[in-house]
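Chains as they are written, first to last, in our numbering: chain A, 199 to 664; chain B, 109 to 195.
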């Protein structure tokens, strides 16, 4: 058995320590840092100050209408305009959701862009997305956009096997010609380093980005190239010590500190093939990438992208403040998306129908005593979604009484106690014990039973309703 | 008029589907008489109805034995001015 190395005496108290500096409840739990983080890069110790993120101008960018649409049937123009409008309200006046990108190839693409811009919102700024073809800049120019993303795939999988270049030099020259064309058209290029986490970093990526920075130094600042780090297959790793090309810390360090790409021109674009997408985005912010690229509810190619709404809560947690964000719009967006046929799983964080619904009676008892025990933050205040209890055979009388009080909207001293709901609790138990039911009981069924078994309460609290 | 004890045993027997003659004052509602969670609630509700009283939820549910329930209910009846045959 290991001998204890340090003694930890009990700090006895009669007053609970609820750690409210981290768990304010009125906000999502805050992410607080203490001391530097160390990464070994090329044999050197490099320190990162994560705490500085509070004062950095980190931002969210969006690709719901580009990558997000590659995972589903196309949105109609009206749907996209409405989503854009809601997204603008969500990001707030400080433009936390700073940009969103649009396809430019079809008449519908261009009409969507025009109608979104006609709304007159300052944010999200509209940007384009094109192939790395000189001719495509005509579309950007005609649309009057100041910035466009362009594919500059950087792994040898793409360079040789997809794009069929004969050499890396030929590939780099071709990309740089297109970047030059963007500069000439007065359009800022955002170079999407596709398949970065499977690329030869020293052999291609860094030389290419160095050349981009050299070219950018010859043009006005507002045209200088941005770099999007595309983790196309979701291979990126957040752990300190991981090797290139999968290491997010090392990738960002090399582009930021060795190639000199400023943080405000670095953007992370992830995919969720290994369930790492949200944390990888947050990691990119912390190591020096100012932009994290997202899609609403994570919808995107294959397994999707960093969910925009999760990035919003990560942002608030890192900043310790709402920063003008209107989180209530997240619920509106989810309702709207459901209404147009986008499936959102019931257990999906923040917006799924059951994301803050407990089924266990013991948890329902905790909710009854103090909702903070089993609710992640004030979900009613931030998302218009109070914590709920779903009724099954595991709910117990605590679950049933919580459901009844929530249904009648009763709080504090007005709450009905367990004794008064005994007939309803009995009916619930009998559904399973006597009738062999295997499914949860719906709200509609419970409402009908409350009316039947608790008529005096129904008359008191729902009397004006039929 | 039946005593508090007789009435408590009668309600207990009815809710838990037992013979009232087999219920003893020292019996635990859960360990000896097999009351499950919802039946504990039903017992308290039925006692309230039988005696015409209102009991504090946590206090009532913390009563463990039949004898303690008799004492507790008698006390509540007294506090709420409900006449029983045990005066």
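Ideal placement from N, C-alpha and C gives every residue a C-beta, glycine not left out. Predicted, not measured: the structure shown is a model, and the values here were computed from it.
What does residue i touch in chain A if you count any residue whose Cβ is under 7 Å from its own?
i	result
residue 145(B)	594 and 595
residue 149(B)	595, 616, 617, 620 and 623
residue 156(B)	617
Please report the residue range of the beta strand (DSSP E) in which residue i lies.
i	result
residue 347(A)	345-349
residue 326(A)	323-328
residue 360(A)	Counting along the chain, residue 360(A) falls outside any beta strand (DSSP E), and DSSP gives it neither H nor E.
residue 296(A)	295-301
residue 542(A)	That residue, residue 542(A), is in no beta strand (DSSP E); it is neither H nor E in DSSP.
residue 259(A)	257-260
residue 467(A)	464-467
residue 245(A)	242-246
residue 372(A)	Not the beta strand (DSSP E): residue 372(A) falls in the alpha helix (DSSP H), residues 366-383.
residue 335(A)	Element bounds for residue 335(A): not the beta strand (DSSP E) but the alpha helix (DSSP H), 335-341.
residue 263(A)	Run containing residue 263(A): none; DSSP gives neither H nor E here.
residue 239(A)	235-239
residue 489(A)	489-492
I want to verify the contact list: residues of chain A whose CB lies under 9 Å from the CB of residue i, in sequence order.
i	result
residue 177(B)	Near residue 177(B) there are no residues of chain A at all, since even the closest Cβ is about 14 Å away, more than 9 Å.
Quick one: residues in its chain with C-beta nearer than 7 Å to the C-beta of residue i, no 5 flanking neighbours on either side, listed in chain order?
i	result
residue 230(A)	220
residue 315(A)	324
residue 601(A)	587, 589 and 644
residue 349(A)	329, 330, 390 and 392
residue 407(A)	425, 453, 457 and 459
residue 485(A)	246, 446, 447, 450 and 451
residue 630(A)	591
residue 529(A)	549, 581, 582 and 583
residue 275(A)	306, 309, 310 and 313
residue 321(A)	286, 289, 293, 295 and 296
Is the Cβ of residue i closer than 7 Å to any Cβ of chain A?
i	result
residue 172(B)	no
residue 152(B)	yes
residue 165(B)	yes
Residue i touches chain B at which residues, Cβ-Cβ below 7 Å?
i	result
residue 627(A)	146
Only counting the same chain, and skipping five residues up and downstream in sequence, which positions put a Cβ closer than 6 Å to that of residue i?
i	result
residue 397(A)	352, 353, 403 and 443
residue 178(B)	112, 113 and 116
residue 370(A)	406
residue 599(A)	616 and 619
residue 518(A)	228
residue 141(B)	124 and 135
residue 180(B)	171
Consider the Cβ of residue i: report whether some Cβ of chain B lies at a distance smaller than 7 Å.
i	result
residue 450(A)	no
residue 556(A)	no
Could you spell out where the alpha helix (DSSP H) holding residue i opens and where it closes?
i	result
residue 534(A)	526-537
residue 124(B)	112-124
residue 659(A)	653-660
residue 172(B)	Note, residue 172(B): premise wrong, no alpha helix (DSSP H); not H, not E.
residue 149(B)	145-159
residue 481(A)	475-485
residue 282(A)	275-289
residue 514(A)	506-517
residue 310(A)	305-316
Among the residues of its own chain, which have a CB less than 8 Å from the CB of residue i, if the five just before and after it don't count?
i	result
residue 606(A)	614, 655, 659 and 660
residue 625(A)	647 and 651
residue 409(A)	370 and 374
Any beta strand (DSSP E) of 3 or more consecutive residues that is wholly inside the region 386-460 of chain A = As far as the region 386-460 of chain A is concerned, its whole beta strand (DSSP E) runs of at least 3 residues are 386-391 and 424-428.
query = What are the complete alpha helix (DSSP H) segments, minimum 4 residues, inside the region 548-620 of chain A?
reply = Here the runs fully enclosed are 559-567, 577-581 and 594-606.
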